[in-house]
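What follows is one structure encoded as structure tokens, with my remarks underneath.
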Amino acid sequence: MSASATPASPETADDSQSGAVPADISSSGDLQNAVIRFAGDSQDGIQSIGAFLAKLAGRSAREVMTYMTIPSTISGGPSIFQVHLGSGEVLSPGDDADFLFAFYQHSYDNHLESLKDGGVCVYDTDHVEEIKKDERGILHVGIPITSTTV
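Here it is in structure tokens:
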């Protein structure tokens, strides 16, 4: 069973060149259903930010289901936290993501394929250098996350 986001309504639909978001957004601008994936290293707070988003969504009357991976090594390693939130019943943590937050090059490289066509990829320009050009209409947003927060 796939728990993908519902296509945007005609009022909010737009072409991928203008940065259309594949998640279901109501005419009032409320996010109705989306899968959000955070990918980075376990010691960088990936689980904390994912848990915070899930708690915030739950307190905002959204149904939430999460999925995370934690490496078995003591020193950390690649990790993800995925949040599927919706205004209706959410039955799985989701498959492909509508939004990807990639904090390292390996996170970007390993998870870009799991982003839906027309999705949004936010990446840390301090650690991600090679941006893949594709025909899938993905909106890439680069932010210097590490240098502005550490």
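Just so we're aligned, residue 203 is where the sequence shown starts under my numbering, counting upward by one. Here a beta-carbon is modelled for each residue, glycine too, at the ideal position from N, C-alpha and C.
Measuring only the C-alpha atoms, how far is residue i from residue j?
i	j	result
HIS342	TYR325	7 Å
ASN235	LEU287	6 Å
VAL285	GLU265	10 Å
THR351	PHE254	17 Å
Per the DSSP calculation, residue i is bridged to which residue(s)?
i	result
GLU315	GLU315 pairs with nothing; no bridge assigned.
SER243	In the sequence as presented, Ser is not what sits at residue 243; that position holds Asp. Answer by DSSP bridge pairing, in chain order: PRO280.
TYR325	ALA304 and GLY344
Report all residues from its chain with a CB closer than 7 Å to the CB of residue i; omit the five preceding and five following residues, and keep chain order.
i	result
SER244	ILE272, PRO273, GLY278, GLY279 and SER281
SER349	ASP328
PHE240	ILE248, ILE251, GLY252, ILE282, PHE283 and PHE303
ILE333	HIS342
TYR310	ALA304, TYR325 and VAL330
Using alpha carbons as the reference points, say which of the options lies closest to residue i.
i	options	result
GLU315	ASN235, LYS257 and GLU337	GLU337
PHE305	CYS323, ALA259 and ARG264	CYS323
GLY290	SER262, ILE340, THR275 and ILE276	SER262
ASP297	MET267, ALA259, PRO346 and ASP311	MET267
VAL237	TYR269, ILE276, PHE301 and ARG264	PHE301
GLY242	LYS334, LYS318, LYS257 and MET270	MET270
If you scan the stretch 255-284 from start to end, which runs of the alpha helix (DSSP H) of 4 or more residues do you find wholly inside it? Assignment of alpha helix (DSSP H) within the stretch 255-284, counting only whole runs of 4 or more residues, yields no such run.
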